[in-house]
Amino acid sequence: MDWSRILVNVAGEIFAPTTAAYALAAIGLNVHFGLTGLLNMGQAGFMLLGAYGFAISTIAGWPLWAAVLVALACAAVFGLLLGIPTLKLRGDYLAIVTIAAAEIVRLIGRSTALTDLTGASSGLRGNSYKDTFQDASPFPDGTFALGPFEYSLNASNSWWIRLVGWGLVALACLLVWLLMRSPWGRVLKGIREDEDAVRSLGKNVYSYKMQSLVLGGVIGAAAGIIYVLPRAVQPDSMGRPMTFFIWTILLLGGAATVFGPVLGSIIFWVSLMLIKSVMREGVPTSIMRTEQIEQFGWIIVGVTLMLLVIFRPQGILGDKKELAIDVR
11 MDWSRILVNV AGEIFAPTTA AYALAAIGLN VHFGLTGLLN MGQAGFMLLG
61 AYGFAISTIA GWPLWAAVLV ALACAAVFGL LLGIPTLKLR GDYLAIVTIA
111 AAEIVRLIGR STALTDLTGA SSGLRGNSYK DTFQDASPFP DGTFALGPFE
161 YSLNASNSWW IRLVGWGLVA LACLLVWLLM RSPWGRVLKG IREDEDAVRS
211 LGKNVYSYKM QSLVLGGVIG AAAGIIYVLP RAVQPDSMGR PMTFFIWTIL
261 LLGGAATVFG PVLGSIIFWV SLMLIKSVMR EGVPTSIMRT EQIEQFGWII
311 VGVTLMLLVI FRPQGILGDK KELAIDVR
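According to this note's numbering, the sequence shown is numbered sequentially starting from 11.
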């Protein structure tokens with residue numbers, strides 16, 4: 011078993027673009043759940059809208075900054091349309107509505123009636139919308155090695171994507187840190203604990219929930235952009251499983267914390283890569299084929315989520331008193 015190669019691959023997941031994208035999406039979900047207590051089970055829908063908004067705008071010839079604004083605006087509008095009829099719902103009723111809304115977005119994206127726009131189930135090829143982002147890079151073409159890690163400077167899965175992705179994660183963490191200590195954030199925490207009490211103080215609970223939903227959704231849209239830059243926009247890759255992975259990351263790191271989503275994303279992807287790499291090297295194909303190893307890795311993720319909710323629902327960095335729901 012080549013442990014040096016395995017450890018390099020596993021360590022590379024710590025700062026991979028996918029890890030950054032999921033950390034950013036979990037930060038958005040943290041605004042929904044950790045701060046406000048909204049059980050949003052459709053964060054993947056915000057990510058998919060951000061990805062489509064960015065890709066379609068770029069393909070249409072829009073500059074990078076305009077395509078990013080379109081992506082964020084799509085998420086904001088979706089948050090408004092989703093929140094207007096549903097934010098009076100609580101708990102599992104809101105969860106049902108949000109997961110259905112995300113599925114609607116995915117099914118519309120893969121509809122054959124929109125093949126010219128979204129590519130239907132085949133999606134949009136990465137080469138068709140990455141040029142403006144790569145052209146914005148200050149780095150020359152070529153590759154760069156940092157210790158055992160060698161990646162392209164500008165192409166897919168590049169250092170440029172990593173710098174931008176983790177820069178956005180840092181900005182999002184700073185934003186959440188500031189919001190948690192602001193009067194606005196304290197109102198959100200009050201809504202999470204007892205929205206009737208907050209309403210009795212004269213606060214417009216509905217308006218605060220809407221602001222939280224839109225803000226977390228916009229952060230999710232930014233995560234969607236980072237997620238599709240190293241790959242294609244494929245609607246089925248951003249379905250229900252993605253939302254469950256984001257929830258696992260948030261609960262693993264700790265809800266209502268600043269760095270919990272970041273730590274959760276790193277542990278999630280490093281652990282998954284380690285399990286898959288070791289099993290590919292050590293388990294004979296006569297016992298378990300490659301595709302079965304992939305499935306087994308996700309089984310481990312599901313079991314981990316179950317154990318987290320049962321034995322440490324507050325996560326690694328979380329405080330049990332900060333929980334928005336009682337999972338006992």
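Cβ atoms here follow ideal geometry from the backbone N, Cα and C, with glycine treated the same way.
Remember, it's a predicted structure, so these values are computed and weren't measured experimentally.
CA-CA distance, P294 and K286?
-> 13 Å
Going by other Cβ atoms of all chains shown within 10 Å of its Cβ, with 16 needed for buried, is D12 buried or exposed?
-> exposed
Between the CA atoms of R191 and V268 - distance to the nearest angstrom = 11 Å
DSSP on F159, reduced to helix/strand/coil?
-> strand
Can you list, in chain order, the residues of its chain whose CB lies under 6 Å from that of W176, leaving out five sequence neighbours each side?
-> A30
Report yes if the CB atom of G328 is closer than 8 Å to the CB atom of G270, and no otherwise.
-> yes
Which whole-angstrom value is the C-beta distance of Y218 and V186, which I expect to be below 8 Å?
-> That belief does not hold up - the Cβ atoms of Y218 and V186 are roughly 16 Å apart, past 8 Å.
Under the three-state reduction of DSSP, which class applies to F269: helix, strand or coil?
-> coil
Between the Cα of A54 and those of I114, T96, T46 and Y103, spot the shortest distance and give me the residue it belongs to.
-> I114
Identity of the residues DSSP links to F154 by a beta bridge | Y161
Mind checking whether F56 and G234 have CB atoms under 8 Å apart?
-> yes
Cα-Cα separation between C183 and I37, rounded to whole angstroms | 7 Å
With burial defined as no fewer than 16 other Cβ atoms inside 10 Å of the residue's Cβ, what is the status of I320: buried or exposed?
-> exposed
Identify whether V215 lies in helix, strand or coil by the three-state DSSP scheme.
-> helix
Give me whichever residues DSSP pairs with V243 in a beta bridge.
-> L134
Return helix, strand or coil for N19, following the three-state DSSP convention.
-> helix
What are the boundary residues of the alpha helix (DSSP H) that includes R172?
-> W169 to M190
Three-way DSSP call (helix, strand, coil) for S67 in this model | helix
Exposed or buried, what is Q305 when buried is set at 16 or more other beta-carbons lying within 10 Å of its beta-carbon?
-> exposed
Does the beta-carbon of Y237 have 16 or more other beta-carbons within 10 angstroms, so that it is buried, or is it exposed?
-> buried
Quick one: what's got a C-beta closer than 8 Å to M289's C-beta in the same chain, skipping five residues either side?
-> M298, I303, F306 and G307
8 Å Cβ cutoff met for L90 and V224 = yes
Applying the criterion that 16 or more other CB atoms from any shown protein chain within 10 Å of the CB defines a buried residue, is G157 buried or exposed?
-> exposed
Reducing DSSP to helix, strand and coil, say where S210 ends up.
-> helix
Can you tell me where the alpha helix (DSSP H) with V87 in it begins and where it stops?
-> L74 to T96
Would you give the residue range spanned by the alpha helix (DSSP H) that G264 belongs to?
-> Looking at the DSSP string, G264 is not in any alpha helix (DSSP H), and its letter there is neither H nor E.
Give the straight-line distance between the Cα atoms of Y139 and T68, rounded to the nearest whole angstrom.
-> 5 Å
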